[in-house]
Each structure stands twice: as C-alpha cells, then as structure tokens.
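Encoded as structure tokens, the structure appears first; notes follow it.
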Amino acid sequence: MSKTVVLKCGGSTVHQLSESFFQSLKALINNNWNVMIVHGGGPDITNMLKALKIETEFFKGQRKTTEDVLEVAEMVLAGKINKLLTNVLQDKGLDAIGLSGSDGGLLKANYLDKEHLGLVGEVTSVQTSVVSLLMDNGYIPVVAPLARTVENETLNVNADLAAAAIANAVSAEKFIFVTDVPGILDGNKQLIEEITPSEINTLIESEVITGGMIPKVQSALATLSDNCQEVIIASGQKAIIEDGHFTGTKIVKGMEVSTS
Ligand SMILES: Nc1ncnc2c1ncn2[C@@H]1O[C@H](COP(=O)(O)OP(=O)(O)OP(=O)(O)O)[C@@H](O)[C@H]1O
Ligand SMILES: [Mg+2]
1191 MSKTVVLKCG GSTVHQLSES FFQSLKALIN NNWNVMIVHG GGPDITNMLK
1241 ALKIETEFFK GQRKTTEDVL EVAEMVLAGK INKLLTNVLQ DKGLDAIGLS
1291 GSDGGLLKAN YLDKEHLGLV GEVTSVQTSV VSLLMDNGYI PVVAPLARTV
1341 ENETLNVNAD LAAAAIANAV SAEKFIFVTD VPGILDGNKQ LIEEITPSEI
1391 NTLIESEVIT GGMIPKVQSA LATLSDNCQE VIIASGQKAI IEDGHFTGTK
1441 IVKGMEVSTS
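Numbering (my numbering), first residue to last: 1191 to 1450.
Set out below in structure tokens:
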C-alpha cells in the first residue's frame, strides 16, 4: 500500500520553488508515495488587500477576516495561488488537481474566535474521500485553505493548521512544511537537524522560535503520532530529498522517559 506525504507550501515560497524541489516530488512519486499539497498565500493576500485599500490586522498571528477580507482571501488563495501552483506542477510533468478546502465537503470548520478573528475557521472534520480518490489515481491534490461551516458559510483557515488537520485525517506518514528558511534555526542562526517537542517548547519560551514559525511547530506537534513519526520543515528553494534522505529540520517524538 502507498504511503502518503502531505506538504504545506508556504505563501512565502510558492513563487520561488526550485527545480530541485520538483525533482524531489518526482522522486517521492517514483518511490510509490501518494503526494498532496496544501498551500498558503499570506504575502499575496496582503498585497491584494493593499491594492484594494482594504485594512487588514493580525490577532495572535492570524489574519482578522471581515467579509471584504474573506472575498479577497478566497480570490487570491483559490484563484491565483492554487492555479499558479497547479499549473507549475503540470509544467514540470506532475499531474496536479487544484481544489479549495470548501469543495466537496473537504474541510468543515467552526469559528475559531469570532469576536477577535471574524471569519476564521478551526477545522472540525476532513472529508478525505475526494483527495483519496485523486491520489489513488496518481494525481496530486493541491488544496487552498478555506473551509465551510455546517451552516454553509465559507471561512479562512490558517494554512499550517489546515495542512495539519489534513495530514492527520489522511493518516500521512510524512508531513513536510516547505517554507522560506532551511528549517528551524537556533540562536546562532544554525540549522537544527533534529528536534524534540520539549526542545521546541524551550526555543519558543526563549523566543528563538517566533512569528510564523510558531503555528508551524505547533501544527507539527499536533501531527506527530505512532503513524507520523517525524514532521519536517524544509526550504522550497532546495531539494527536500538528497541522497535518499529528507533535508531540513526533523521534528521527532523523542525518547519517552521511563518512570520505572
Ligand atoms: N527559529 C526560527 N527558525 C527559522 N525561522 C524562524 C524562526 N523563528 C521565526 N522564524 C520565521 O518563520 C518564517 C517562516 O514562517 P512564515 O509564516 O513566514 O512562512 P510560511 O508559513 O512558509 O508562509 P505563509 O505563512 O505565507 O504560508 C521564517 O521566514 C522566519 O522569519
Ligand atoms: Mg506561515
């Protein structure tokens, strides 16, 4: 049976994915992995909001989403970035199908914090049948992070959290955050090759891990399981597989402390 790898491509890196990144995807597919991608789009949403003179604010790292902001976010995520990524994958000879999380009941969500964040969702369930159908037939599903409530309202979802919910739901063996840095960097800006949850918490407390890296590591921790034993953070500007090994930072469950 094929194993599944979910990649989250940051909005910060979708315009700069390297040839070696696409070669790595081909290597995964040739090695019988099912591949799916969830993408962000933060910088493009910010630029479009600016062009349209729509105010935008952040609360605890997430974008406050009014009706006007949601209209732009949906347009940019499902229209611009989703098509850009799907097209470039196809240009590289990879069969990709673009979807919004709001299509086919893929992502269901509740309001995360309506008072402070407005139309932002927290994923409550993932209907995996559509993406499984596509992967079983050799396609790479490319998902924009939007979801629907049970009342059929569309909500904006943080892409790291959407990807984690999907990785859990499809029981992915690997979960890779593709971003604009080589991985988690330590206080001296050196790449950390392997890190455990408790070491991550120490780096958050000491403010070495900040900003957009926080939802990423939190999503990673929420995905580690017996099935998904490592989550990787790697750069989209480089190969994500070199000599048969994944590059970047590997977040691993760590040794369990014996109480006996
Ligand atoms: N310890 C750290 N190591 C590496 N990067 C860090 C660290 N702490 C904070 N960061 C920041 O996290 C950023 C990556 O997260 P960011 O949210 O900007 O990108 P993304 O999630 O890939 O894109 P998007 O949010 O647009 O989908 C890096 O560019 C860096 O500035
Ligand atoms: Mg981010």
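Glycine included, each C-beta is placed from N, C-alpha and C at the ideal position. Just so you know, these numbers come straight off a predicted model, no measurement behind them.
Exposed unless 16 or more other CB atoms sit within 10 angstroms - verdict on residue i
i: Met1191; result: exposed
i: Val1340; result: exposed
i: Leu1242; result: exposed
i: Lys1198; result: buried
i: Asp1433; result: exposed
i: Phe1248; result: exposed
i: Gly1328; result: exposed
i: Asp1350; result: buried
i: Asn1220; result: exposed
i: Leu1307; result: buried
i: Ile1244; result: exposed
i: Thr1400; result: exposed
i: Leu1323; result: exposed
Own chain residues within Cβ distance below 7 Å of residue i, not counting five before or after
i: Leu1274; result: Val1204
i: Gln1206; result: Gly1426, Gln1427
i: Val1421; result: Phe1365, Ala1410, Thr1413, Leu1414, Ile1441
i: Gly1231; result: Gly1201, Val1266, Leu1267, Ile1271
i: Ser1210; result: Lys1428, Ala1429
i: Gln1252; result: Leu1307, Val1310, Asn1348
i: Lys1304; result: none
Contacting residues, own chain, Cβ-Cβ under 8 Å from residue i (five flanking each side not counted)
i: Lys1298; result: Val1313, Thr1314, Ser1315, Val1316, Gln1317, Ala1337, Arg1338, Thr1339, Val1340
i: Met1265; result: Met1238
i: Leu1218; result: Val1195, Val1225, Ile1431
i: Gly1283; result: Lys1216
Distance between beta carbons of residue j and residue i, contact taken as under 8 Å
i: Pro1387; j: Asn1348; result: Wrong, their Cβ atoms sit about 20 Å apart, outside the cutoff.
i: Ile1430; j: Ser1214; result: 4 Å
i: Gly1269; j: Pro1372; result: Contact flag wrong, Cβ pair sits at about 31 Å.
i: Met1403; j: Ile1382; result: About 11 Å; that fails the 8 Å criterion.
i: Pro1335; j: Val1321; result: About 14 Å separates the two Cβ atoms, so there is no contact after all.
i: Ala1424; j: Val1368; result: 6 Å
Host alpha helix (DSSP H) of residue i (start-end)
i: Leu1297; result: No alpha helix (DSSP H) contains Leu1297, which is instead part of the beta strand (DSSP E) from 1297-1301.
i: Glu1305; result: 1304-1307
i: Leu1375; result: No alpha helix (DSSP H) holds Leu1375; DSSP gives it neither H nor E.
i: Val1278; result: 1272-1281
i: Ala1217; result: 1209-1220
i: Leu1267; result: It is not in any alpha helix (DSSP H) - Leu1267 carries neither H nor E in the DSSP assignment.
i: Thr1439; result: Taken as a continuous stretch (DSSP letters only), Thr1439 belongs to no alpha helix (DSSP H), being part of the beta strand (DSSP E) at 1439-1442.
i: Val1407; result: 1403-1413
Separation of residue j from residue i, as counted between CA atoms
i: Asp1370; j: Ser1202; result: 6 Å
i: Ser1361; j: Ser1319; result: 13 Å
i: His1229; j: Gly1295; result: 18 Å
i: Leu1267; j: Asn1378; result: 35 Å
i: Val1416; j: Gly1444; result: First, the amino acid is wrong: residue 1416 is Asp here, not Val. Cα-Cα distance, rounded: 12 Å.
i: Val1310; j: Asp1258; result: 13 Å
i: Pro1233; j: Thr1255; result: 15 Å
i: Leu1302; j: Gln1280; result: 35 Å
i: Thr1392; j: Ser1208; result: 32 Å
i: Lys1435; j: Glu1384; result: Inspection of the sequence shows that residue 1435 is occupied by His rather than by Lys. Cα to Cα, His1435 sits roughly 13 Å from Glu1384.
i: Ser1396; j: Asp1326; result: 44 Å
Same chain, Cβ closer than 6 Å to residue i, neighbours up to 5 away in sequence not counted
i: Ala1263; result: Ile1235, Asn1346
i: Val1333; result: Val1228, Leu1289, Gly1291
i: Asn1222; result: Ser1192
Span of the beta strand (DSSP E), counted from its first residue to its last, around residue i
i: Ser1192; result: Unbroken run through Ser1192: none, as it is neither H nor E.
i: Glu1247; result: Counting along the chain, Glu1247 falls outside any beta strand (DSSP E), and DSSP gives it neither H nor E.
i: Glu1312; result: 1311-1316
i: Ile1422; result: 1420-1425
i: Ser1290; result: 1286-1290
i: Lys1364; result: 1364-1369
i: Asn1346; result: 1344-1346
Minimum Cβ-Cβ distance from residue i to chain D less than 8 Å
i: Glu1397; result: No chain D appears in the structure shown, which is made up of a single protein chain.
heavy atom of ligand 4 below 7 Å from residue i C-beta
i: Gly1232; result: Annotation note on ligand 4: not contained in the displayed structure, which lists ligand 1 and ligand 2 as its ligands.
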